[in-house]
Each structure stands twice: as structure tokens, then as C-alpha cells.
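K.L.:
Take this structure first; my questions come after.
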Amino acid sequence: MRQILFLLLLFTLFLHANAKRVFYINSYHSGLYWSDGIEKTIKEVLEKSALPIQFERVEMDSKRNNSESYKKRVAQKIKNQIENFKPDVIIASDDNAIKYVILPYFKNSTIPIIFCGINGTIKKYEQLPSNITGMEEVKLIPQLVDTLKKYAKGTRIGSLDDDSFSVKSQNQFFEKQLNQKITKMYATTIEEWKKNFIYLQNNTDILLLGNSGALVNWDKNKEELKNFVQKETKIPSAAWDITLNNFALLIFANKPEEQGECVANAALRVLKGENIKNIPIVVNQKANIYINTTLAKKLDIVFPFDIIDNAVLVK
């Protein structure tokens, strides 16, 4: 019996010593729909592989902690963790992981870096590592706006988000996609969000709503906010996050699982010996459609059957 246990121990140590090391950086925090979907899928894909893999993950929590000093401090800590872990591949999710960890500390590294959730294009960052690939996150904003223009009184577009680097970068990309200026407003509190929401209802014709889940007590006040939005909505609104299905008329939601699957498969290709330079940067293609029927009724909007038939209807 002791001999069998000893052999099992040796086998376990052998697998551990020969395991490929994957280090995953989540720019945000657990409990966030987007981040959870990406990480869950990454783990599922890696676990199905025949390769022995040692997986290490870390959260920056940079949506709830948005100060420059905090982000630089946590990035320094993560840099030390990466150096101690000695990964074979780094997976970096969303913009802050690239801006605060990868660019300052690993742009000259030989470690292959695979990204996802980068809003717009990775080319917005200068001096990128040569050994980098991944999936850019493009919201289907032109399609959303084109759909809602039929029901809007004008062409003025507004946006309302929490106050973060990723959001501001994202909105700049939206302006390029739409080839027009957006009235961009940001909130740091729920009361500020409400105030901005009312202003945009009266001063724009289409509203783009970003995820504001980082605001303090956002989740606790969702029901009250739902009632507020139903009462104050005057113009068509769009979003790309399913957690806003009570606040936006129409949602084309990107799938975090698509991002997670892409980077995990790219990581496996690299771990099996493929040169990362042979793996092209790609853009997400998939989305789920949601229609808020309460807001549609209030605005007297009836969408075409080809949209309704492919949508989830939310009351």
C-alpha cells in the first residue's frame, strides 16, 4: 500500500513538474457577468485538453477601484506574481490588464501573450509586444443604431456609463464606427447616473447604455432603477450587456463565452508548440438579441418579425 501511494505521489509530482503554466489576468472582479463568462469558458476549454496544465488567475478589480494609484499598485503586485509563477502563456482579459500590466512590464518579454475583451482594437496601444494575439471586442453599435434610427426623432446619440478607462476608450471607438460625435456622460454614483439619464432623455435621440455595475449599491437598487427607467424613458435605448435588459429597449449582447473559447484555444495551440505569430488577431462575431417589451410598448415601437423571432423578450 505504501509503495502504491509512493508511486502515485511520484506520478503527481511528475505531472506537476511537466505541466504547462497558464497565468490569467482578469481586469475586473468575480460576480461580473462578462468576466465570469470569459473565465468559466477558459477553464472549461483548458480542462478538456489532454495537456497537463497549471492554471493561476488573478483579479485586478479595477472597475470597482478605478484610481490610477490603485491600478498601478495592483499591476506591480501582479507583475511579481507572474515572475514567480513563470508562465508559458499569459492570458489578459480586458483593457486594464494590457495597459497596466502587460505594456509596462512585459512588452519586451518572450512570454506569449493572448488577450481578449479589448474594446475596439488592440492597435490603439503603442509598442505592443511582438508575441501577442487574441480577440478584439467589437460591440455591434452600428447595427443597433441603424435599427433604432427608424424609431428615433433625430440623429443625436448619447451614452451613459460608469467612469472607467475601458469605457472612455470604447466610446471613442463608437464615434469612429458611427462617424459622428456622441454626447458622452459618466457616473460615479447612482444619483449621478439618474441625473445623467434624465438629461440624455431630453437632449439626445438615441441612448447607448453601458454596464454601470461598478457603481456602489447598483445591484441592491436594480428594482428601483428598473422602475425609474420605465418612468423616465422617452427615447429608444440600446445596450450590449444582458444585465441591462431591464433598462434598455434593444440589446445585441456579445457573448463572453466566445472570447473565452478563442483565447483558451489560442493558448493551447501555443502550448503545443505553434508560433504565436501564426495565430491571427480576430474580432467577435456572435451576439444574443433582447427586446424589452415594456419599453417598446411605452415608446409605441414594433420591431420587424426577423428581429422578434430571434430575440429573447423581456418584460
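Quick note, the sequence shown lines up with residues -6 to 308 if you use this note's numbering. We put the beta carbon where it would ideally sit given N, CA and C, even for glycine.
(1) Tell me the residue span of the alpha helix (DSSP H) that contains T140.
(2) Of all the options K72, S102, F166, which has the alpha carbon lying nearest to the alpha carbon of K116?
(3) Using C-beta distances below 7 Å, list every residue in its chain close to E251, excluding the 5 sequence neighbours before and after it, in chain order.
(4) Assuming N89 and K64 make a contact with CB atoms under 8 Å, what is their CB distance in whole Å?
(5) Any contact of the region 259 to 272 with the region 200 to 208, i.e. 3+ C-beta pairs under 8 Å?
(6) Between which two residues does the alpha helix (DSSP H) carrying G30 extend?
(7) Note down, one range per segment and in chain order, each beta strand (DSSP E) of at least 3 residues found wholly within the region 99 to 180.
(8) I need the DSSP call for E225, collapsed to helix, strand or coil.
(9) Using CA atoms only, rank isn't needed, just tell me which of P249, S23, D299 is closest to V131.
(10) By alpha-carbon positions, which one of V209, D155, G151, E184 ends up nearest to L193?
(11) I191 and V94 - do their beta-carbons sit closer together than 9 Å?
(12) Taking the alpha helix (DSSP H) that A68 falls in, what are its first and last residues?
P.N.:
Per the coordinate set shown:
(1) Element bounds for T140: 134 to 142.
(2) Looking from the CA of K116, the closest CA among K72, S102, F166 belongs to F166.
(3) Once the five neighbours on either side are set aside, the close Cβ partners of E251 are N277, K279.
(4) Between the beta-carbon of N89 and that of K64 there is about 6 Å, and that keeps the pair under the 8 Å contact cut.
(5) Touching, no.
(6) Start and end: 26 to 41.
(7) If one requires a minimum length of 3 residues, the beta strand (DSSP E) runs lying completely within the region 99 to 180 are 106 to 112, 125 to 130, 150 to 155, 176 to 180, in chain order.
(8) E225: helix per DSSP, three-state reduction.
(9) Nearest of P249, S23, D299 to V131, Cα basis: P249.
(10) A check of alpha carbon separations from L193 across V209, D155, G151, E184 identifies G151 as the nearest.
(11) Their beta carbons are not under 9 Å apart, which means V94 does not touch I191 by this criterion.
(12) Element bounds for A68: 61 to 78.
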